[in-house]
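Visitor: Supplied in structure tokens, the structure appears directly below.
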Amino acid sequence: MNLQLLQEVTAFIWQEGDMLDHGEYDTWLKMWTEKGTYIIPINPKETDFENTLNYAYDDHHMRELRVQRLIGGESISTSPQPRTVRTQSRFRVLRDDGMTVTVRCAQNVREFRKESLKFYSADLTYELVRADGSFKIQRKLVSLINSDDALAGIGYIL
66 MNLQLLQEVT AFIWQEGDML DHGEYDTWLK MWTEKGTYII PINPKETDFE NTLNYAYDDH
126 HMRELRVQRL IGGESISTSP QPRTVRTQSR FRVLRDDGMT VTVRCAQNVR EFRKESLKFY
186 SADLTYELVR ADGSFKIQRK LVSLINSDDA LAGIGYIL
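The numbering used here puts the sequence shown at residues 66 to 223.
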């Protein structure tokens, strides 16, 4: 086990979570490669995300639109803006080919909005590309443990 690599990817993913919880969306958008994809599938067993229905399948342009809706107040699911706190744990490097690192972790998100506290749990799988002494996100797969159940409107970025 490469503990230095594990520490580096853990710190990168923790930084991403902190940015999302504190609304640093412009900086978050810069963490991605130009062709990066943000995916939240409906079917927990699905692997063909391009040809199936997903809660989210965002490329660069769609991520920007998602951020605009989130901060613009135009979406009913983001007004008022939810406050979130996320915790990531159980990091495991699945693959490292020298250029791309695949890492999986668990995430629990607490959301407070309209006097209601909700929580979401998911496995996150990242494909990270090495860039300038750090990483860029090539793909982020959010596998909600209850993705095939009825979900309340998720008005923020997981």
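Note that the Cβ used here is the ideal one computed from N, Cα and C, for glycine as well.
Nothing here was measured: the structure is a model prediction, and the numbers come from that model.
Exposed or buried, V150, counting other C-beta atoms within 10 Å across all chains shown (16 or more means buried)?
Guide: exposed
Visitor: How should P106 be labelled, buried or exposed, when 16 other C-beta atoms within 10 angstroms of its C-beta is the threshold for buried?
Guide: buried
Visitor: Quick check on the burial criterion: 16 or more other C-beta atoms within 10 angstroms. Buried or exposed for R155?
Guide: exposed
Visitor: From E129 to L94, what does the alpha carbon distance come to, in whole angstroms?
Guide: 7 Å
Visitor: Helix, strand or coil for E176, going by three-state DSSP, please let me know.
Guide: strand
Visitor: Can you check which of these residues, D214, S208, L193, I222, is closest to L70 by C-alpha distance?
Guide: L193
Visitor: When the Cα of E89 is compared with those of S181, Q133, T190, Q172, which residue comes out closest?
Guide: Q133
Visitor: What first and last residue would you give for the beta strand (DSSP E) that runs through T190?
Guide: 181–196
Visitor: Below 7 Å CB to CB, which residues in the same chain sit around E81 once its five sequence neighbours on both sides are set aside?
Guide: W93, M96
Visitor: Which one or two residues does DSSP pair with D161 in a beta bridge?
Guide: Looking at the DSSP assignment, D161 forms a beta bridge with V166.
Visitor: At the level of alpha carbons, what is the spacing between T102 and R148?
Guide: 24 Å
Visitor: Going by beta carbon distance, what residues of the same chain come within less than 8 Å of P109, once the five residues before and after it are set aside?
Guide: S208, L209, I210, S212, D213
Visitor: Considering just the uninterrupted stretch of the beta strand (DSSP E) at G82, what are its terminal residues?
Guide: It is not in any beta strand (DSSP E) - G82 instead sits in the alpha helix (DSSP H) that spans 68–86.
Visitor: Would you say Q153 and T98 are within 9 Å of each other, going by their C-beta atoms?
Guide: no
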